[in-house]
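This report concerns only the one structure given below.
There are 2 protein chains.
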Amino acid sequence: MDQFEFMSPTKFILQKDADLLCGREVKKYSENVLFVHYGDKYMYDSGLHARITKALADAGVACFELPGVQPNPRVELVREGIELCRKERIGCVLAVGGGSVIDTAKAVAIGVKYDGDVWDFYSRKAVPAEALPIGTVMTLPATGSEGSNGSVLKNTETGESADTMADCLRPSFTLMNPELTLTIPKRQTVFGIVDMFSHVLERYFSSSRETYLTDYMCEGVMKSILVNARALMKDLKDYNARAELMWTAVVAHNGLLAAGRNQDWATHTIGAQLSAQYNAVHGATLSVLFPNWAAYVYKENIPRFVQFANRVFDVDIDLYDQEKTALEGIRKLREFFESLGAPSVLNEIGVESDEKFTKMAQDACRFGSIGGLRTLNAADVEAIYRMAQS
Amino acid sequence: MDQFEFMSPTKFILQKDADLLCGREVKKYSENVLFVHYGDKYMYDSGLHARITKALADAGVACFELPGVQPNPRVELVREGIELCRKERIGCVLAVGGGSVIDTAKAVAIGVKYDGDVWDFYSRKAVPAEALPIGTVMTLPATGSEGSNGSVLKNTETGESADTMADCLRPSFTLMNPELTLTIPKRQTVFGIVDMFSHVLERYFSSSRETYLTDYMCEGVMKSILVNARALMKDLKDYNARAELMWTAVVAHNGLLAAGRNQDWATHTIGAQLSAQYNAVHGATLSVLFPNWAAYVYKENIPRFVQFANRVFDVDIDLYDQEKTALEGIRKLREFFESLGAPSVLNEIGVESDEKFTKMAQDACRFGSIGGLRTLNAADVEAIYRMAQS
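Heads up: the sequence lines are chains A and B, in that order. Per our numbering: the first sequence ends with 390, consecutive numbering throughout. Per our numbering: the second sequence ends with 390, consecutive numbering throughout.
So, in C-alpha cells, the structure goes:
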C-alpha cells in the first residue's frame, strides 16, 4: 500500500426530484448562477429546462445561461462563460447535463478565478488553485465528473483534447434524480456503463502491491456494474439499476478506488486521441481499446490479470496455466462490452485506416511515456492502435 | 435502493510522518488550537506529545492542551474544553489519539458554538448546527470517528452513554501515520478490528433490497479486514496491514457503506449499555453481542444471512437448507472474533449476573424500539443479553 491523500467534499443527494433542490443548494453559495447546459431539443422538450429555471427562481437565484455544450466540449464556449461570469459577477456555476456540461462548468469556474487564458490549465502551464463553487444536476451518468477533481476539454484550434486536475474542481454539490436517466437511449446508456467500468479498470490495473481493501472494493464495484448493466439491457427503464449506476459513476471516479496505489490511465490517454482526431465518443474509444490494451500489457503483471479474471468474472484459476486464466479474463471483458453492443474494433468508430496512428501515438505521449501498470511509449501506443483494427 | 444524502468532506492523508503535518493543516483554519489527548504515559514516553507540540510551534500555532481523555469519554472533560476554548478564543480543535479523544474533541467543537449545555446534543434536546474546525491525528484505528459524523459520550452523573450525529461533526482533516499504530498492544488491536468489522455489519444487515453496489463494497471491506487481521495476528508490526486497517476504519464508518439503504445499529445500542453499566470496552461488547444478535434475528432475513455466509466467509450455499447456510455464516463470524482472542460471552467482560439486564434493555430502548433489519423492543434486547451469557 502506498501513501495517499484523498478528499471528496461533494455533498451527494440521490432521490426522485433531486434536481428541484438546485435552487436551495445554489443559494447557499450565491444569489446568482451560471446555468450551463446542452441547450438541445431534449433539454426543453423534456421539461428539464423549465424545472431548473423555476427551481432557481423559486429560491430567488438570478439565472444566467450558457447553453450549447457539445460532446468533447470546446474551450471556446468556456471562454464565453468566463466572460459572462465576470460581466455579471456570478458567484456559482450549475451544470445540468452529463460529463461534457460538467467539464465545461468546471473550466468556467477555474477560469473566472485566473488571470491568464483557461487553456493554460489544460496545456499544463498552470495548476488550478481556486474555483467558483460548482453544482451539478447529473442527467447522463458516465464520466463521474460530478464527483471528480478533473475536467477534459477540446481545443478546436489545435485539435487537442486535454485534461486538468485539482481538488478545487470537485463540485460542492451533486443532485442525482434517477428518473432523469430513464429515457437515456441505449447507445448512450452503454457508453456510460463502459466509461464507469473503465474508470475502475484504470485504477485496478496497478503495479502497487498489497492493496487488499482497494482491490476488493474495485472488484465489488465492477461486479455491481455487471449486475446493473444486465438489468438495464433487459429494461432501459429499470429505476433501481439506473439509480445504482448513477451512484456507481461517482464511486468509480471520485478517487476512492485509487487510495494507496498507482494507477494506469494509458487507455484513456490513447482513446483521447481518437476523440480528438475522429470525434469518437469517449465510451466507444474505451470499449475498443481496453481489451486490446490488456492483451498488450498483461504479461507485465499476470497475477493481477488472473485475480481480475477470477474475482470479477468468476473464471476458475488454472494454477498450472495462469496465463490462460489471465487471457480468459480479458476475453470476458471484451465479451461483456460486446454483450452491451459496444464496439470492439476501430472501424466501428469511424477509423478506417492507419494513416493517423503514428501522429496520434506521438500526441498521446507528448507529456512523456504513459501507463502505471506497464509504461508505454509512442511505439507501444501505435502497436495498440494496430491491434484494435481487428 | 433507497434515496440518500452522503457527504464526507474530510481531507485524509495517510503516510509515514503524517502527524507532523498537523501544524500546516491547523494553520489553514486558526492561529491557535486546542490539542486534545489522553495525557497518558505513552503520549509522553513515545515522543508523540513532543512531535505534535513541535509541529504546531514550527507552524506558528499557539497550543492549548486538554489532556486526560479516558475510554468511554466523559462529558465533564468536554465542558472544561469548551470553557478553555471560549476563554482563549481558540479557533480549531486537534484530537490526537483514538475514538475517545476524537469524540471529546468533536463535542468541544460543537459545544463552543452552542449556548446551552453540550449534553443537550446527546440527550437529543438539540441538533448540532455548527462546529469549530476539527482535525485528527489517528493513533488507534477502530471507531472511525476520524471520518464520521458522530460522537459518543458518557454522562457520569446519570451513567448514560449517548451519541449525537451531524455533518458538522466531520473532521476537516485526518492525518494517518501507520507507524504510530505499530506498537498498539494485541488487545486494543483486536478490539479495533472488531469495531470496524462491526461498523460494516451494522450497515450490511439492512432490510433494503437491490443495493448491489453497497453490498459488494461492504463484502469487500469485510474480506479485506479478514486478510489484514490475519496478517496482524502473525505480526503486530506488519506495516502494510496496519496501514490498510487504518484506512479501513474510515471507510467502514464514514457513511459510504450505507448509501441507499437503511441500517441496523441495534448491536451498538445494546452494547452501549454494557459500556455504561460495566465500563466494558466498546469492541469487547460488540464481539460478544454481534453473533448473539445475529442468531436472534436471522430468521427475519435469511437470504441476507446466506449472502453474508457465502460472500464474506466463502460458505457454499446449501439451496435445500438455506437456514443451515445462514447459521454457518454466523458461526464463522463468532469463530473469526474468537480467532482474534476477542470475548464471546458476557462473563468475559465482567458481567457475572443478569441483575441489570432488565434495566439495560429498557435504557437501550429509551428512544423507542431499535434495529433496522429486525425491530427490537426491550424484551428482545433482554433476550439477547441472556443468550450472550453462554
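Every residue gets a Cβ at the ideal spot worked out from N, C-alpha and C, and that includes glycine. On a predicted model such as this, the values are computed, not experimentally measured, just so you know.
Below-8 angstroms beta-carbon distance, residue i vs any chain B residue
i              : result
residue 3(A)   : yes
residue 255(A) : no
residue 217(A) : yes
residue 263(A) : no
residue 134(A) : no
residue 223(A) : yes
residue 227(A) : yes
residue 200(A) : no
residue 251(A) : yes
residue 259(A) : yes
residue 197(A) : no
residue 13(A)  : yes
residue 210(A) : yes
residue 240(A) : yes
Under 8 angstroms between C-beta atoms of residue i and residue j
i              : j              : result
residue 298(A) : residue 342(A) : no
residue 149(B) : residue 207(B) : no
residue 122(A) : residue 164(A) : yes
residue 74(B)  : residue 125(B) : no
residue 378(A) : residue 362(A) : yes
residue 52(B)  : residue 108(B) : no
residue 222(A) : residue 190(A) : no
residue 306(A) : residue 345(A) : no
residue 127(B) : residue 104(B) : no
residue 159(A) : residue 277(A) : yes
residue 204(B) : residue 308(B) : yes
residue 180(A) : residue 19(A)  : yes
residue 220(B) : residue 8(B)   : no
residue 100(B) : residue 71(B)  : yes
residue 291(B) : residue 349(B) : no
residue 131(A) : residue 110(A) : yes
residue 275(A) : residue 161(A) : yes
residue 233(B) : residue 340(B) : yes
Chain A contact for residue i (CB, 8 angstroms cutoff)
i              : result
residue 306(B) : no
residue 300(B) : no
residue 7(B)   : yes
residue 243(B) : yes
residue 315(B) : no
residue 248(B) : yes
residue 322(B) : no
residue 337(B) : no
residue 188(B) : no
residue 204(B) : no
residue 149(B) : no
residue 348(B) : no
residue 179(B) : no
residue 220(B) : yes
Which listed residue (the options) has its alpha carbon closest to that of residue i
i              : options                           : result
residue 25(B)  : 15(B), 92(B), 290(B) and 281(B)   : 92(B)
residue 394(B) : 36(A), 243(A) and 317(A)          : Missing from the structure shown is residue 394(B); chain B here goes from 1 to 390 and no further.
residue 258(B) : 96(B), 239(B), 216(B) and 246(B)  : 216(B)
residue 184(B) : 97(B), 247(B) and 253(B)          : 97(B)
residue 118(B) : 58(B), 151(B), 135(B) and 336(B)  : 151(B)
residue 60(B)  : 339(B), 330(B), 22(B) and 45(B)   : 22(B)
residue 35(A)  : 350(A), 130(A), 390(A) and 134(A) : 134(A)
residue 249(A) : 336(A), 195(A) and 106(A)         : 195(A)
residue 13(B)  : 70(B), 246(B) and 229(B)          : 246(B)
residue 241(B) : 255(B), 224(B) and 253(B)         : 224(B)
residue 6(B)   : 145(A), 41(A), 172(A) and 114(A)  : 172(A)
residue 352(A) : 385(A), 55(A), 30(A) and 66(A)    : 385(A)
residue 55(B)  : 29(B), 83(B), 40(B) and 17(B)     : 17(B)
residue 235(A) : 334(A), 186(A), 113(A) and 86(A)  : 186(A)
residue 1(A)   : 228(B), 141(B) and 358(B)         : 228(B)
residue 423(A) : 89(A), 102(A) and 94(A)           : Outside the shown range of chain A (1 to 390) lies residue 423(A), about which nothing can therefore be said.
**Sequence ranges, beta strand (DSSP E) only - wholly within the segment 35-99 of chain B, length at least 3** = 62-66 and 93-97
**Request:** Identify every run of the alpha helix (DSSP H) within the segment 137-220 of chain A, keeping only runs that are complete inside it and at least 4 residues long; order them along the chain.
**Result:** 186-204
**Item:** Three CB pairs or more closer than 8 angstroms across the segment 264-277 of chain A and the segment 366-375 of chain A
**Value:** yes
**Item:** Length at least 4, wholly inside the segment 100-134 of chain B: the alpha helix (DSSP H) runs in chain order
**Value:** 119-122
**Given 8 angstroms, three or more beta-carbon pairs between the segment 174-182 of chain A and the segment 298-311 of chain A** = no
**Prompt:** Mind pulling the alpha helix (DSSP H) runs of 4 or more residues that sit fully within the segment 291-353 of chain A?
**Reply:** 302-313 and 322-339
**Message:** My parser needs the alpha helix (DSSP H) runs of 4 or more residues fully inside the segment 226-267 of chain B; what are they?
**Reply:** 239-253
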